[in-house]
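S.K.:
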Amino acid sequence: MSKSVELVTGDTWRDGGKLYRLYGVQSCLRGTIALDANGQEFDCGNVSLAHLVALFSTAAVTCQPIALALDKATFVVCGAKLDGNTIDVGTALIAAGYAFAATDQKGNAVSANYLVAELNAKMNADGLWARKFQHPIELLLRWAGERKQ
Numbered sequence: 021m022s023k024s025v026e027l028v029t030g031d032t033w034r035d036g037g038k039l040y041r042l043y044g045v046q047s048c049l050r051g052t053i054a055l056d057a058n059g060q061e062f063d064c065g066n067v068s069l070a071h072l073v074a075l076f077s078t079a080a081v082t083c084q085p086i087a088l089a090l091d092k093a094t095f096v097v098c099g100a101k102l103d104g105n106t107i108d109v110g111t112a113l114i115a116a117g118y119a120f121a122a123t124d125q126k127g128n129a130v131s132a133n134y135l136v137a138e139l140n141a142k143m144n145a146d147g148l149w150a151r152k153f154q155h156p157i158e159l160l161l162r163w164a165g166e167r168k169q
């Protein structure tokens, strides 16, 4: 990954004019609201983005392309080297509660491992799960359904 990376969302970035997206990962949508226990509002997408920024700035991240998205973004699976260990970036973000398991158009998780990580984060109220927010998958599936009508 080059030094010229421009992070766009909590799961997407630009590098050298190319758009990349974490495969199987859905960040919170920018412009949607998350509420903490005190009722303070946060931009849910910016919270997801901040955690991707933190991971990219503290670890050596390498990615492997695996497919092309409909919008021509390259789907990638990435590893982050932290303290001599390599961790899957998608798992790290989802397990911490700052991203979610992406689904297909029918609502089925693309990655069973990511779904397990999401359910664990939800049960432990980690990250965004400690706040009230609109789940991005629910929003995206609803919007897709509305476009079909």
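The opening position of the sequence shown corresponds to residue 21 in this note's numbering, with each subsequent residue numbered one higher. No residue lacks a Cβ here, since even glycine has one placed at the ideal position from N, Cα and C.
#1: For the stretch 73–151, list the beta strand (DSSP E) runs that are entirely contained and at least 3 residues long, ordered along the chain.
#2: When the distance is taken between beta carbons, is I114 closer than 8 Å to Y134?
#3: Between which two residues does the beta strand (DSSP E) carrying A54 extend?
#4: Evaluate R151 with the Cβ neighbour count: other Cβ atoms within 10 Å of its Cβ, from every protein chain shown; 16 or more gives buried, anything less gives exposed.
#5: What residue does the beta strand (DSSP E) around D63 start on, and which one ends it?
#6: A145: buried (16+ other C-beta within 10 angstroms of its C-beta) or exposed?
#7: In its own chain, which residues sit with a C-beta less than 8 Å from the C-beta of Q46, not counting the 5 before and 5 after it?
#8: For the stretch 77–94 and the stretch 32–40, state whether three or more C-beta atom pairs, one from each stretch, are separated by less than 8 Å.
#9: Mind checking L42: buried by the 16 CB within 10 Å criterion, or exposed?
#10: Buried or exposed for T78, going by 16 or more other Cβ atoms inside 10 Å?
#11: Considering only the alpha carbon of each residue, which of G117, A80 and R50 lies closest to D103?
#12: Quick one: which unbroken beta strand (DSSP E) runs of 3-plus residues sit fully inside the stretch 27–56? Chain order, please.
#13: Excluding sequence positions up to five away, which residues of its chain have a Cβ less than 8 Å from the Cβ of G127?
#14: Take C48 as the anchor and find which of Y40, S68 and G59 has the nearest alpha-carbon.
M.R.: Looking at the coordinates:
#1: Runs found: 80–88, 94–102, 105–108 and 119–121.
#2: The residue given as residue 134 occupies position 114 in the sequence shown. The residue given as residue 114 occupies position 94 in the sequence shown. In this structure, the beta-carbon distance from Y134 to I114 falls below 8 Å.
#3: By 1-based counting over the sequence shown, the position of residue 54 is 34. Run containing A54: I53 to L55, per the beta strand (DSSP E) assignment.
#4: As a working note, residue 151 is residue 131 in the sequence shown. Residue environment: R151 is assigned as buried (16 or more neighbouring CB atoms within 10 Å of its CB, all protein chains considered).
#5: Indexing the sequence shown from 1 puts residue 63 at position 43. Unbroken beta strand (DSSP E) run through D63: E61 to D63.
#6: Taking the first residue of the sequence shown as 1, we reach residue 145 at position 125. Around the CB of A145, fewer than 16 other CB atoms lie within 10 Å, so the residue is classed as exposed.
#7: As a working mapping, residue 46 is identified with position 26 in the sequence shown. The answer, listed in chain order, is D31, A119, F120, A121, A122, T123, P156, I157 and L160.
#8: With a cut-off of 8 Å, the stretch 32–40 and the stretch 77–94 count as touching, because enough Cβ pairs lie within range.
#9: Here residue 42 is taken as the residue at index 22 of the sequence shown, counted from 1. Flag for L42 reads buried.
#10: The residue given as residue 78 occupies position 58 in the sequence shown. By the neighbour-count criterion, in which a residue is buried when 16 or more other Cβ atoms sit within 10 angstroms of its Cβ, T78 is exposed.
#11: Taking the first residue of the sequence shown as position 1, residue 103 is located at position 83. Closest by alpha carbon: A80.
#12: Segments of the beta strand (DSSP E) lying fully in the stretch 27–56: 32–35, 38–42, 45–47 and 53–55.
#13: In the sequence shown, the residue the question calls residue 127 occupies position 107. For G127, where only same-chain residues beyond five positions count, the Cβ hits under 8 Å are I157 and L161.
#14: The residue you call residue 48 lines up with position 28 of the sequence shown. Residue nearest to C48 within the set Y40, S68 and G59 is S68 (criterion: CA-CA distance).
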